[in-house]
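Asks: Numbering (my numbering), first residue to last: 29 to 258.
A virtual CB, placed ideally from N, CA and C, is assigned to each residue, including glycine.
Below is the structure I would like to discuss, written out as structure tokens.
This is the structure in structure tokens:
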């Protein structure tokens, strides 16, 4: 009230507006400085427990420059798309050479770590399918480190074969149980029989992890579509 009386209503409002503008400007500058500092991180080094660093080959596909003000802070930054290949050698899951695919995404309000791991086997029985599934789960839990329990891990073990017995294919048609207390991880194995031209995968619903069942179904539609009939 003293400032109001001393300067009058017009000057008082102008001073209040100026103070608000300066506060907003200082907040924006602080945010840009913070983004600039975070953008300086080169992306090298492990930031959480998991697999050790391995050499890879990256091929840059395209780049474009942003700035002087952007979501990366102040200055000019290059945003590039690159294809990354791992050429060190085959990766082993348990005793089997395998192809390991990984993707992090949000689903049903949860951050998901999705592992799709495929390997080839001459013959698949229930024991081999369970052993491979357990090995893939252990791989996923090792690589996600401390994030498990706070975020959900989805594991899709896939065996490709020319011969699968009835017990193994029956296992794929039911909701797979891990019996891991206190760990937010779901697994659902599948078998692709190339001789029979048949994909054995769970297509039903789950009582546990029901919210993520549609993601499992979506991934198997992408990774393992039913072979076209000859």
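Among the residues of its own chain, which have a CB less than 8 Å from the CB of residue 222, if the five just before and after it don't count?
Replies: Within the chain shown, residue 222 is the residue found at index 194, counting from 1. So the qualifying residues of the chain are 188, 189 and 190.
Asks: Quick one: Cα of residue 243 to Cα of residue 196, how far?
Replies: Here the question's residue 243 lines up with position 215 in the chain shown. Here the question's residue 196 lines up with position 168 in the chain shown. Taking the straight line joining both Cα atoms gives about 23 Å.
Asks: What first and last residue would you give for the alpha helix (DSSP H) that runs through residue 265?
Replies: Outside the shown range of the chain (29 to 258) lies residue 265, about which nothing can therefore be said.
Asks: I'd like the list of long-range same chain contacts for residue 202, defined as Cβ closer than 7 Å, with 5 residues on each side in sequence excluded.
Replies: Sequence index remark: in the chain shown, residue 202 carries index 174 (1-based). Answer for residue 202: 230, listed in chain order.
Asks: Going by CA-CA distance only, name the one from 206, 163, 154 and 129 that's closest to residue 250.
Replies: Taking the first residue of the chain shown as position 1, residue 250 is located at position 222. Looking only at 206, 163, 154 and 129, the smallest Cα-Cα distance to residue 250 is reached by 129.
Asks: Based on Cα-Cα distance, which residue from 213, 100 and 89 lies nearest to residue 63?
Replies: In the chain shown, counting from the first residue as 1, residue 63 sits at position 35. Closest option to residue 63, Cα to Cα, is 100.
Asks: According to DSSP, is residue 245 helix, strand or coil?
Replies: In the chain shown, the residue the question calls residue 245 occupies position 217. Three-state DSSP puts residue 245 in a helix.
Asks: Let me know if residue 146 comes out buried or exposed under the rule of 16 or more other beta-carbons within 10 Å of its beta-carbon.
Replies: Numbered from its first residue, the chain shown carries residue 146 at position 118. It is buried - the Cβ of residue 146 has at least 16 other Cβ atoms within 10 Å.
Asks: Out of curiosity, what's the CA-to-CA distance linking residue 107 and residue 96?
Replies: To locate residue 107, count along the chain shown from 1; it is residue 79. To locate residue 96, count along the chain shown from 1; it is residue 68. Taking the straight line from one Cα to the other gives about 13 Å.
Asks: Please classify residue 120 as buried or exposed, where buried requires at least 16 neighbouring CB atoms within 10 angstroms.
Replies: Counting from one through the chain shown, the residue named residue 120 turns up at place 92. Residue 120 should be labelled exposed.
Asks: Terminal residues of the continuous alpha helix (DSSP H) containing residue 187?
Replies: The residue labelled residue 187 in the question sits at position 159 within the chain shown. First-last for residue 187: 180-189, but that is the beta strand (DSSP E), not the alpha helix (DSSP H).
Asks: Tell me which residue opens and which closes the beta strand (DSSP E) that residue 85 is part of.
Replies: Along the chain shown, read from residue 1 onward, the residue named residue 85 stands at position 57. That run of the beta strand (DSSP E) goes 85-94.
Asks: Note down, in chain order, each residue of its chain lying with its Cβ closer than 6 Å to the Cβ of residue 140, except the 5 sequence neighbours on either side.
Replies: For the purposes of this step, residue 140 is taken as residue 112 along the chain shown, with counting starting at 1. Here the set comprises 133, 180 and 182.
Asks: Establish whether the CB of residue 231 and some CB of chain D are separated by less than 8 Å.
Replies: The chain inventory of the structure shown lacks chain D, comprising one protein chain alone.
Asks: Does the distance from the C-beta atom of residue 252 to that of residue 224 stay below 8 Å?
Replies: Here residue 252 refers to the residue found at position 224 of the chain shown. Here residue 224 refers to the residue found at position 196 of the chain shown. For residue 252 and residue 224, no; Cβs fall outside 8 Å.
Asks: Quick check: residue 213 and residue 165, are their CB atoms within less than 8 Å of each other?
Replies: Locating residue 213 in the chain shown gives position 185, where the first residue counts as 1. Locating residue 165 in the chain shown gives position 137, where the first residue counts as 1. For residue 213 and residue 165, yes; Cβs fall inside 8 Å.
Asks: Assuming residue 186 and residue 144 are in contact, meaning their beta carbons sit under 8 Å apart, how far apart are those beta carbons, in whole angstroms?
Replies: Within the chain shown, the letter at position 158 stands for residue 186. Within the chain shown, the letter at position 116 stands for residue 144. Confirmed, about 7 Å.
Asks: Taking all protein chains shown into account, decide if residue 51 is buried (16 or more other Cβ within 10 angstroms of its Cβ) or exposed.
Replies: What you label residue 51 is simply residue 23 of the chain shown in a count that begins at 1. Exposed, because fewer than 16 other Cβ atoms sit within 10 Å of the Cβ of residue 51.
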